[in-house]
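Chemist: Pasting a structure below so you can have a look.
Residue numbers (mature numbering (1 follows the signal peptide of the UniProt record, and there is no 0)): -32 to -1, 1 to 137.
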């Protein structure tokens, strides 16, 4: 065999490896479309069995936040809080749409994640694991792992919130 006949055969595995790399990068790009800024959870006080989680979520594609999971609570729901006259109303919602490039802010007094029946007290400084589940228009779901730091009850007013018009990703 001449060396010229070996070249095409030896380059075939390299082409396969390059193609796999491109496919791997493409699948990573799909998973990396959602970013989370400033995730935090309100610390609990004695006997408190529920708390809220807050963050800013941005996506490069139109997706829907359809579920949040956490080992820190037996029930985790996406909630809406709003004023109805002089009464504060809170209810679970089936999901929230993320508009490309526009941060979705989950914050006290608005949309947020509710951790119900927490398995143990959440103390300031604790790291609370959250898994955000987003669904694309094609129905495919992907997960984003988040570690949210617990802050004291009065921390919401003291914490700096990034302006909604900034896009750093």
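C-beta atoms are modelled at their ideal positions from N, C-alpha and C, and glycine is treated no differently. Predicted model only: the values in this text are computed from it and were never measured.
1. Residue 105 and residue 8 - do their beta-carbons sit closer together than 9 Å?
2. Could you pull out every residue in the same chain whose Cβ sits closer than 8 Å to the Cβ of residue 36, ignoring the five residues on either side in sequence?
3. For the beta strand (DSSP E) containing residue 114, name the first residue and the last one.
4. Taking 8 Å as the cut-off, does the segment 107 to 114 touch the segment 59 to 78 (at least 3 CB pairs, one atom from each stretch)?
5. Quick check: what's the CA-CA separation for residue 54 versus residue 34?
6. Taking 7 Å as the limit between beta carbons, can you name the residues of its chain near residue 89, skipping five residues before and five after?
7. Give the secondary structure of residue 76 by DSSP, where H, G and I count as helix, E and B as strand, and everything else as coil.
8. Can you give me the C-alpha to C-alpha distance between residue 39 and residue 87, rounded to a whole angstrom?
9. For the segment 22 to 110, list the beta strand (DSSP E) runs that are entirely contained and at least 3 residues long, ordered along the chain.
10. Would you identify the three-state DSSP class for residue 17, choosing helix, strand or coil?
11. When the distance is taken between beta carbons, is residue 117 closer than 9 Å to residue 93?
Modeler: Based on what the coordinates show:
1. Judged by beta-carbon spacing, residue 105 lies beyond the 9 Å limit of residue 8, meaning their Cβ atoms are not closer than that value.
2. Excluding positions up to five away in sequence, the list reads 21, 44, 45, 46, 81, 98, 99, 100, 101.
3. Going by DSSP, residue 114 is part of the beta strand (DSSP E) stretching over 109 to 119.
4. Contact fails between the segment 59 to 78 and the segment 107 to 114, because fewer than three Cβ pairs, one in each stretch, are under 8 Å apart.
5. If I take the Cα positions, the gap works out to 30 Å.
6. Residues of the same chain with a CB within less than 7 Å of the CB of residue 89, apart from the 5 flanking positions on each side, are 12 in chain order.
7. DSSP places residue 76 outside both helix and strand once states are collapsed to three, so it counts as coil.
8. Going from the Cα of residue 39 to the Cα of residue 87 covers about 8 Å.
9. Those beta strand (DSSP E) runs which fall completely within the segment 22 to 110 and span 3+ residues are 31 to 37, 41 to 52, 55 to 60, 64 to 66, 72 to 74, 80 to 86, 95 to 104.
10. Assignment of residue 17 by DSSP, reduced to helix, strand and coil, places it in the coil class.
11. Result yes, Cβ atoms of residue 93 and residue 117 sit closer than 9 Å.
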